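Numbering (our numbering), first residue to last: 18 to 408. Please read the structure below before turning to the comments.
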């Protein structure tokens, strides 16, 4: 509608000017020294319009010529941006296909021209890492550090992740330095804590608990779980019985009955042949919270009357009658009590639910204890067949 109105307006103006030119008899005189120029009013107006239009077009041309270099630069830059965007798109598509080599090729091709150069370099470093091209990986990371020094945190996090498996100590050094420079950065602290836990560096991890709580890097549940794993890790790493007992006494009664912590304590004490009181602790813990590992360890304890432990463990069948770990433990305790028929029954039930080599071995040992060497040999043979099936 607006276009129709505009054209109608221009048509009226043109009609008016044409009518004026046809019917106007006026003249215009211009005198300059001895020069006198006389013309009609219509021609004079037309000349003014033509001159004005020519000057306007000339000015536009000069302005365009003046701005042409900038225009050309912008155009070239836009072309580079488009190429860079195409490059990263192709690289990411190749990444999804699992073609690391092609992904790396596309990503690094336009890395220097792209506004998202950091993404190009870091993703290309990951692709080189996936191919085992460690030299190229380091080259891309160094280039990223050189071109984007302000993004050292992101680069450091990516590098630590790439080094975590093959060079965990170096990854820890990087994360420790990043944490020192950015103590309130949650992602850094989270990754640092995770790697420390993987490397079982419990002492360093314990020193970070205060900072974790201070900046609330974890929610309450995650923090409690971390503290439990930390204590369990320290228990598992105790170098001797004195260190273990000192650490154990420092724990609260509630902590001592936590399955993850108690299981490590039991494992350590059994390894040193100190089984006093372990069965009672396991019974207390399992009565509060079921744990397969503790139930498994209960069947390995040799100190004290096995028959009493068997009667206690049989009470756990209520609600756990199809648990292969419990049935293995019951079989062991029955065998220790020389209840051969009952032991075989429990072992067979466990094998039916979950045929494990350890259960076959326990059944064979029970046959040997009973003096049935032939049955023991057949059970060992069955275990070998089971192993071949798994492989």
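Ideal placement from N, C-alpha and C gives every residue a C-beta, glycine not left out. Since the structure is predicted, the reported quantities are computational estimates derived from the model, not experimental observations.
Under three-state DSSP, which class holds residue i?
i           : result
residue 219 : helix
residue 318 : coil
residue 49  : strand
residue 55  : strand
residue 234 : coil
residue 359 : helix
residue 147 : helix
residue 165 : coil
residue 19  : helix
residue 128 : coil
residue 133 : coil
residue 181 : coil
residue 200 : coil
residue 339 : coil
residue 227 : helix
residue 366 : helix
residue 116 : coil
residue 372 : coil
residue 354 : coil
Kindly give me the distance between the Cβ atoms of residue i and residue j, rounded to whole angstroms, as I take these residues to be in contact under 8 Å.
i           : j           : result
residue 128 : residue 137 : 4 Å
residue 142 : residue 158 : 5 Å
residue 311 : residue 276 : 6 Å
residue 379 : residue 327 : The Cβ separation is near 14 Å, so there is no contact.
residue 308 : residue 280 : 7 Å
residue 377 : residue 368 : 7 Å
residue 172 : residue 162 : 6 Å
residue 243 : residue 252 : Not really, about 15 Å apart at Cβ, beyond 8 Å.
residue 240 : residue 216 : Actually they are not in contact, since the Cβ atoms of residue 240 and residue 216 sit about 20 Å apart, beyond 8 Å.
residue 140 : residue 124 : 5 Å
residue 278 : residue 245 : 6 Å
Taking the alpha-carbon positions, what's the residue i to residue j distance?
i           : j           : result
residue 191 : residue 297 : 46 Å
residue 223 : residue 250 : 11 Å
residue 169 : residue 231 : 24 Å
residue 78  : residue 134 : 38 Å
residue 247 : residue 302 : 19 Å
residue 193 : residue 403 : 47 Å
residue 384 : residue 394 : 9 Å
residue 201 : residue 213 : 18 Å
residue 56  : residue 32  : 22 Å
residue 299 : residue 274 : 8 Å
residue 121 : residue 205 : 26 Å
residue 196 : residue 396 : 56 Å
residue 116 : residue 335 : 53 Å
residue 409 : residue 387 : There is simply no residue 409 to check, as the chain begins at 18 and stops at 408 in what is shown.
residue 80  : residue 20  : 29 Å
residue 392 : residue 381 : 7 Å
residue 119 : residue 112 : 8 Å
residue 314 : residue 126 : 58 Å
residue 10  : residue 210 : Past the boundaries of the shown model lies residue 10; the chain is included only from 18 to 408, so the question cannot be answered.
Could you check if residue i belongs to the surroundings of the ligand ADP, using beta carbon to heavy atom distance under 8 Å?
i           : result
residue 327 : The ligand ADP is not part of the structure shown, which contains no ligands of any sort.
*Does the pairing of the region 319-327 with the region 271-286 give three or more beta-carbon distances under 8 Å?*
no
*asked:* Three or more C-beta pairs under 8 Å: does that hold for the region 341-353 against the region 324-332?
replied: yes
*asked:* Across the region 232-239 and the region 254-262, are there enough close Cβ pairs to call them in contact, namely three or more that are closer than 8 Å?
replied: no
*Jot down the residue ranges of each uninterrupted alpha helix (DSSP H) in the region 237-325, minimum 4 residues, whole runs only, in chain order.*
237-253, 258-266, 270-273, 276-288, 295-305 and 309-315
*Could you tell me whether the region 106-118 touches the region 72-91, using the rule of 3 or more Cβ pairs below 8 Å?*
no
*What are the uninterrupted segments assigned as alpha helix (DSSP H) that are 4 or more residues long and contained completely in the region 374-402, given in chain order?*
374-387
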